[in-house]
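Worksheet: one structure, shown below.
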Amino acid sequence: MHTDTTVAYLLTFLLCAPMLFALALLAAPGVRLRGLLVRVGALATGAGAIAFAAAGGAGAYYFHGEIHGLETFFFAASLALAGVMLFYSVKYKRPLAIALVLAQAALTLYFDLACAPGVAAESAFYADKFSMLMALVIGILGPLICVYALGYMRDFHRHYPRLPDRRNFFFFLLFAFLSAMFGIVFSNNLAHMLFFWEATTVCSFLLIGHTRTKEAVNNAFRALVINVSGGLAFSLALVWLARYYGVIELDKMLALRSAALVPAALLCYAALTKAAQFPFSSWLLGAMVAPTPTSALLHSSTMVKAGVFLVLKMSPIIAGTAVGNAVALIGAGTFLAASLINISEPNVKKVLAYSTIANLGLIVACGGVGGPSAVWIGLVLIVFHAVSKSLLFLVVGTVENRFYTKDMENYDNLIVKMPVTALLFVAGIAGMFIAPFGVVVSKWAAIEAFLSIPSVFGGVLVIMLAYGSGATVFYWSKLLGKILSMRDQPGVEKKREATIGNDEWTAEWSHAILSLVVCGGLPLLSAWLVEPYLLAQYGASGGLGAFNYGVIIILLFLLIALPALAYVLHRRASYRLSDTYVCGRQMDSHLLVGGALGSWREITLKNYYLDDFFNSSAILRYSNMVCGAAIVYMLAAGVLWRN
Amino acid sequence: MEKLMPALAYALLAPLAGGLLAGVDRIISARMQRRVGPPLLQPFYDVAKLFSKGDVEVNGLQYPLALCHLVFMALAGALFFGGGDILLVIFVFTVAALFLVAAAFSSASPYSFVGAERELIIILAAEPALIIAAAAIYKAAGSLSFLTLAASDTPLIVKLPGVFLCLFYVLTMKLRKSPFDLSYSHHAHQEIVKGITTDLGGRTLALIEITHWYENILLMGLVYLFFAFSVPLGLAAVAVTYFLEVLTDNTNARVRWQLALSSTWLITLLLAGGNLLALYALGGN
Amino acid sequence: MSLKRSPWLLHYDGSSCNGCDIEVLACLTPVYDAERFGVINTGNPRHADLLLLTGSINHQNEEVVRNLYAQMPEPKVVLAVGICATSGGVFADCYNVKGGADKVVPVDVYIPGCAARPEAIIDGIVRALGVLEAKRAAAEKTT
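Chains as they are written, first to last, in the numbering used here: chain A, 1 to 643; chain B, 1001 to 1285; chain C, 2001 to 2143.
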């Protein structure tokens, strides 16, 4: 452990700078200044994150030293957060929320006043390779999404002129959230981490309810209730740690290993609520009513990643215990159930949400299983999923602002109507389930990691993964097919794409290029950020091996080059375009077929949703029951098996 | 280098072997129906004819996608025979299948569309079985490389009987044989015209035929793995399996997709899943 | 050369009484087995080389026949199977039929009969193969 001033300065920068920009945005008058602030803030944060990751050496940094007034600041700030939540809960008359917020505030007060003074805390902040990886994800994707939001919100408010324009507050929340996320990944003091954790809850709550419609408010409170219950568990873990172990720091807790099983189980509970695993998934589904930048930033690439971040951090403590097994079961069960439900889901944003939940389930399962190979998978999957899912949300937002629909059936013919957007969409979808992109590579590695678990439980996990994989291919291919369908003659409606602004193009293209870079650069990513962390924690590392990396890179190259080349070369060739076959009947460009007696009938082509097979409400009910039971078991096991 | 030779051999020879296999398939089917059947080299004549036909395409996406379908299928097979990780091979194999599905989706013909949806259902049904099969092979033999497994003495069929039976069931789907020829069939009894290939003709269809040959050799390689401890037994097993598939094809009518999906998933869970869990319980690798 | 060895046919009933259609299908059965010549009955014009038309074509399906013919790739051959497709047969003077396939698409081989025998149909197919080869050679000379 050693301090390095550059790293310390950059860490402070990353913690504070987004918040400063946020406060400036709150006060900023006018569109121009707001745009400037967002762009400069995005650039600054991104540059800071990259510099931060580049500045770090191989080890971890723990920052000692007293910062005057830091404890007072955190104390006051957490009270302020509780106050905000209480204010809204009272204003909208939500007794459950009021009760939970008060309980959490009471516990925090008890902890701050009674437990914390008795415990020595050495280093408030730290930075290891995992933090740097998370910082890159937050610091590169977050700013890009904020820039995208400039264009998106402009179109959004143009379409909904009756909605109050509170864009300053919206951008304030986005940037404040970035600070909070950095806080989570840099806090060694768990009480501070709890504060940042609650800050993200509040940001999410306010962002979901931003449009203040009845549906938005209801969903915001559902998210609040579930996440605050997680915060409650977090507080309980803090109290337990302070009272029974005299510890409030993450590194000291990890040093206790499985002695700290109970607080670890409680922290896992908090993490599972944040990551919207079953039975807590309903809040994430409800959060999809928020404007798309919220979904992209909070609910796919960053905030929910805080949940899996915590699970992976707890992994050395829980792995190999009943708690770890319960967590792995919840993760794998979530992966399977969410994938199955997605088959019959027609709403595109909900498809993306369930897919997020499923991939988070995979990471959680890896965390529960533990060990260097599984945790390796978890870390790289965080990166891969964040990039691709964020890209998908951005593209869906762009399409949504032009066609005003979330139904998958209306995404027909996108490659003709909005060709470049459709291509980016395909890139995002490919990143989610096509080999050799990262998510599939992670799934492949996860199956092999679970195969090395000696007990039958490993086999059960593998079977769950196998069925979930099949379902994943199905629901993504459906959407892919819809986008690639060519119905009308080209040239129709292409002008819609001209209305997309530079902000959105920059963000989307950056994401697409990033998804290629992280896939092709997987060996570098692994060697630079992931393996050092694993070596530090476990003394051993995971990974795929040189041969497999080579295969991945060749496959990636072919996957990009071949279709592009084939398409371009084929366009040069002369060929006759003929009509679609509809039993020889005449079909015109609007899908009207000449029918009997001179009539014209329209062809409608809809996807299979297999509703009879995959009754989503039944799957939801059963998986909530099973995962709920697993949660109870997890908490109980921590108590019953503690030594 | 010793990985490159089998991969190259596959890439160059698989179309020939696959075409001959297809020819044998048609002759055996014909004899089962008390007909004479076409000459052995008929599939090659068919493909040559398709290449010589004029172009008639519906849109500019189909031919490039069919070409990608071919290349990725060949890649999957080359990866398999070159000793690559079988689980990765399965994922690449799925990617190859998806190119064909995308080519079919790109046309507006309802037959093509329904064919593509049914092809997705076939992939949905077969994927868990293939993944569990690969997982079980790893558990039983400790390796996922064809070359290592072929050279070893472990009789996989003894440890993995359930997986093999499940694979046989799923093979019927992948080889597009009745009762599971839902999306595309070589038979005359069509319900969705030519299904997934309805709007694909000429050179595009020729590419798809050749891809079928690559695919069949890859699948036969997977069957061979279970008997790889003895080369003559392995080849005999492949021959018998293929014959049984042709027999199944000629004696069954097509089932509805609901039955195909539910029966496959159930059999996968019981036979393949059960086999895998048994391996864990009995202390595999 | 390979065109001759792999003639795939599309069979369309243009208001036939189904007698010739049954005979066409009989060609694929064990007794006559047209698959010996590599003949496959595909239902799809895009895969077909030969278009077998039965029946005298009426006003409702003449558009369909034209579309099917257009959707077939070159080189292609049309066979009129049965006397109704050849010249209208007993229905030649009726108001509701066109009076033969060659009123709608260019026909290359005529196979008379009511119903045409499978042997005659197979003979016609074999002759059509020759026409197919000639067309392909002519097309190659012009390109």
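For glycine and all other residues, C-beta sits at the position ideal for the given N, C-alpha and C.
For Glu-1209 of chain B, the enclosing alpha helix (DSSP H) begins and ends at 1202-1225.
Its Cα nearest to that of Phe-278 of chain A, the residue A:Ser-339 stands out among A:Leu-254, A:Ser-339, A:Leu-312, A:Leu-250. In this structure, Leu-1279 of chain B lies near Lys-1139 of chain B, with their beta-carbon atoms less than 8 Å apart. Leu-1205 of chain B and Ser-510 of chain A have their C-alpha atoms some 37 Å from each other. Along the region 1002-1081 of chain B, the beta strand (DSSP E) does not occur as any fully enclosed run of 3 or more residues. At a cut-off of 8 Å between beta-carbon atoms, Asp-1046 of chain B makes contact with chain C.
Contact annotation, Ser-315 of chain A with Gly-367 of chain A: C-beta distance approximately 4 Å; criterion of less than 8 Å satisfied. By the C-beta criterion, the region 1215-1228 of chain B is judged not to be in contact with the region 1106-1123 of chain B, since fewer than 3 inter-stretch pairs fall below 8 Å. Taking 8 Å as the CB threshold, His-2059 of chain C stays off the interface with chain B. Residue range 322-343 is occupied by the alpha helix (DSSP H) that includes Gly-333 of chain A, with no beta strand (DSSP E) assigned at that position.
DSSP links Thr-2054 of chain C through a beta bridge to C:Asp-2013, C:Val-2081. From the beta-carbon of Val-1158 of chain B, no residue of chain A is found nearer than 9 Å; the closest lies around 19 Å away.
The CB of Asp-588 of chain A never comes closer than 8 Å to any CB in chain C; the least such distance is about 12 Å. Rounded to the nearest angstrom, the gap between the Cα atoms of Leu-1282 of chain B and Gln-537 of chain A is 32 Å.
Contact between Val-323 of chain A and Leu-261 of chain A holds: their C-beta atoms lie close to 6 Å from each other, under 8 Å. Of A:Ser-599, A:Asn-548, A:Ser-526, A:Phe-280, the smallest CA-CA separation from Asp-1085 of chain B is found for A:Asn-548.
Here Ile-2111 of chain C is buried, its C-beta having at least 16 other C-beta atoms within 10 Å. Closer than 8 Å at the C-beta level to chain A, one finds these residues of the region 2016-2046 of chain C: Asn-2044, Pro-2045, Arg-2046. Residue pairing by DSSP places Gly-46 of chain A in no beta bridge whatsoever. From the beta-carbon of Glu-2063 of chain C, the residues of chain A found nearer than 9 Å are Gly-584, Arg-585, Gln-586, Gly-594. The C-beta of Asp-503 of chain A comes no closer than 8 Å to any C-beta of chain C.
Taking the beta carbon of Asp-1199 of chain B as reference, the chain C residues within 8 Å of it are Arg-2046, listed in sequence order. Taking the C-beta atoms as reference points, Ser-616 of chain A is found nearer than 8 Å to Ser-344 of chain A.
Asp-1085 of chain B is bridged by DSSP to B:Ser-1145. With contact defined as three or more Cβ pairs closer than 8 Å, the region 446-456 of chain A and the region 1099-1113 of chain B are not in contact. For Phe-280 of chain A, the secondary structure class from DSSP, reduced to helix, strand or coil, is coil. The residue among A:Leu-100, A:Ala-127, A:Gly-320, A:Arg-402 with its C-alpha nearest the C-alpha of Gly-183 of chain A is A:Ala-127.
With respect to Ile-1132 of chain B, Ile-377 of chain A sits apart: the two C-beta atoms are not nearer than 8 Å. Considered as a whole, the region 1249-1278 of chain B harbours no complete run of any beta strand (DSSP E) with no fewer than 3 residues. Taking all protein chains in view, the Cβ of Gly-2099 of chain C is crowded by 16 or more other Cβ atoms within 10 Å, so the residue is classified as buried.
Following the DSSP letters along the chain, one finds Ile-2111 of chain C inside the beta strand (DSSP E) bounded by residues 2109-2111.
Taking a Cβ-Cβ threshold of 9 Å, the residues of chain A close to Ala-2070 of chain C are Ser-578, Asp-579, in chain order. For Phe-125 of chain A, the uninterrupted beta strand (DSSP E) run begins and ends at 125-127, by DSSP.
Spatial neighbours of Tyr-269 of chain A in its own chain (CB-CB distance under 6 Å, excluding positions within 5 residues in sequence) are listed in chain order as Ala-233. Closer than 8 Å to the CB of Ser-1052 of chain B there is at least one CB belonging to chain C. Within 8 Å of the CB of Gly-1023 of chain B, no CB atom of chain C is found; the nearest one sits about 11 Å away.
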